[in-house]
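Since the structure comes first, as structure tokens, the remarks are kept for the end.
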Amino acid sequence: MQKIDIRSVDGAEILEQLNVFLKGNLRQQWGEHVLEFDNEFGKGLIRSIAFDWGVTLVDYDVHFVSDMKIIFNIKDANPVEFVFVSEGKLEYSNSVEKESFSIERYQNIIISTQKLSKETYIFPKTVSVKVNFIYVLPVEYAKKKNSNLSFLSKGLRSVFDGEKDSVPFKHLGNYNLKIADQVRQLQESQESGIIRTLSIEGQLNLIMAMQLLEHYNHENNVGLPDSLSKEDIKKIHRLSEYIIDNIAEPLSVNFLATKAGISSKKLQLGFNVLYSKSVNEYVRQLKLEISRDYIKNTDDSISEIVYKIGLKSRSYFSKIFFERYGILPTEYRKKNKVKN
3 MQKIDIRSVD GAEILEQLNV FLKGNLRQQW GEHVLEFDNE FGKGLIRSIA
53 FDWGVTLVDY DVHFVSDMKI IFNIKDANPV EFVFVSEGKL EYSNSVEKES
103 FSIERYQNII ISTQKLSKET YIFPKTVSVK VNFIYVLPVE YAKKKNSNLS
153 FLSKGLRSVF DGEKDSVPFK HLGNYNLKIA DQVRQLQESQ ESGIIRTLSI
203 EGQLNLIMAM QLLEHYNHEN NVGLPDSLSK EDIKKIHRLS EYIIDNIAEP
253 LSVNFLATKA GISSKKLQLG FNVLYSKSVN EYVRQLKLEI SRDYIKNTDD
303 SISEIVYKIG LKSRSYFSKI FFERYGILPT EYRKKNKVKN
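First residue of the sequence shown: 3, per the numbering used here; consecutive thereafter.
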């Protein structure tokens, strides 16, 4: 495992210290710092930009060859961190709690720790990770006119007020695709100059607002149609196992939603979060994968296999099999027999 030590919460300094290890190309434009690398450590682009009132963005789009441990040892500040992973996942721990947890894709995360403590983020090897960090320095942000910090929930307000008993603070929230969409717009921004700077600042404020709203709803047990709780995710995991065991049965969206005990909309949202596919796309792909194993490992006829995976038309099966694998089922069987 590779290790990088960071001793700053300033975005530009974070990139400079990362680059001491990563040995990439560091450039600056329109107040934005960009680190790009493509070498023995992996490939990626990390950018940062700072705004007034103690708000800084650090955005990672990276793919490391080995597990990469980035350790933040900040002596003079303990920012509130709004974290959102739009691809891949991270492991997080701090020196106060010592217990690590996963930061998962599309999950709303808000954390803060004590001054002089260490925070560790582990980027897993050979996994593409896109993660958005918004750092907010509470003392600086409190100086902002109309900051309205008094309207935060009690726990989060105490973090911004610097109460020692309030940290470490962590909110492991729901999974939310609306936040993901907003983060994606931020990452794909193509503007330049003042338009880009204003756009990024506006989008950062919107992302923070959405993360704070999700935190409020989570604290008050308010369920939203565009977010998923951990219990919802567990239900969808269990449903995935049911689909595998009952692949020959009729598996309509309405039936599966009823089986899982969630709405059809949440079911579709969950499959997008977990598998980046609609329910029907997931079921069809699974049918094809199971059929391929049958063709390869059994003497069942193609018609029998079509029946076993719950399809009625052999011609339709041949069509979607060819679209998926670039070969007809009968040819795939012949090819494997020759190999054997």
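Yeah, the Cβ is synthetic: ideal placement off N, Cα and C, and Gly gets one too.
Fair warning: this is a prediction, and the values are worked out from it, not measured in the lab.
- Nearest to residue 218 by C-alpha distance, out of 199, 112 and 283, is 112.
- Rounded to the nearest whole angstrom, the CA to CA distance from residue 323 to residue 247 is 21 Å.
- At the C-beta level, residue 61 and residue 134 come within 7 Å of one another.
- Around the Cβ of residue 224, a 10 Å sphere holds fewer than 16 other Cβ atoms; the residue is exposed.
- If the five residues before and after residue 53 are omitted, its C-beta is found closer than 6 Å to the C-beta atoms of 203, all from its own chain and listed in chain order.
- Distance from residue 255 to residue 275 at the Cβ level is roughly 16 Å; contact not present, criterion being Cβ atoms closer than 8 Å.
- Exclusion of the five residues before and after residue 77 leaves 9, 117 and 118 as the residues of its chain whose Cβ lies within less than 8 Å of its Cβ.
- Of the candidates 34, 3 and 4, the residue whose Cα lies closest to the Cα of residue 18 is 34.
- The Cβ neighbour count for residue 240, taken over all protein chains shown within 10 Å, is under 16; the residue is labelled exposed.
- For residue 51, the enclosing beta strand (DSSP E) begins and ends at 44-53.
- Residue 155 and residue 189 have their C-alpha atoms spaced approximately 29 Å apart.
- Of all alpha-carbon atoms in 304, 309 and 216, the one lying nearest the alpha-carbon of residue 250 is that of 309.
- Check the Cα spacing between residue 299 and each of 262, 194, 334 and 321: the tightest is with 334.
- Here residue 203 carries a helix assignment [DSSP, helix/strand/coil].
- The Cβ neighbour count for residue 29, taken over all protein chains shown within 10 Å, is under 16; the residue is labelled exposed.
- A buried status is given to residue 331, since no fewer than 16 other beta-carbon atoms sit within 10 Å of its beta-carbon.
- Contact between residue 66 and residue 127 is confirmed by a C-beta separation of about 6 Å, below the 8 Å threshold.
- Under the three-state reduction of DSSP, residue 152 is assigned to helix.
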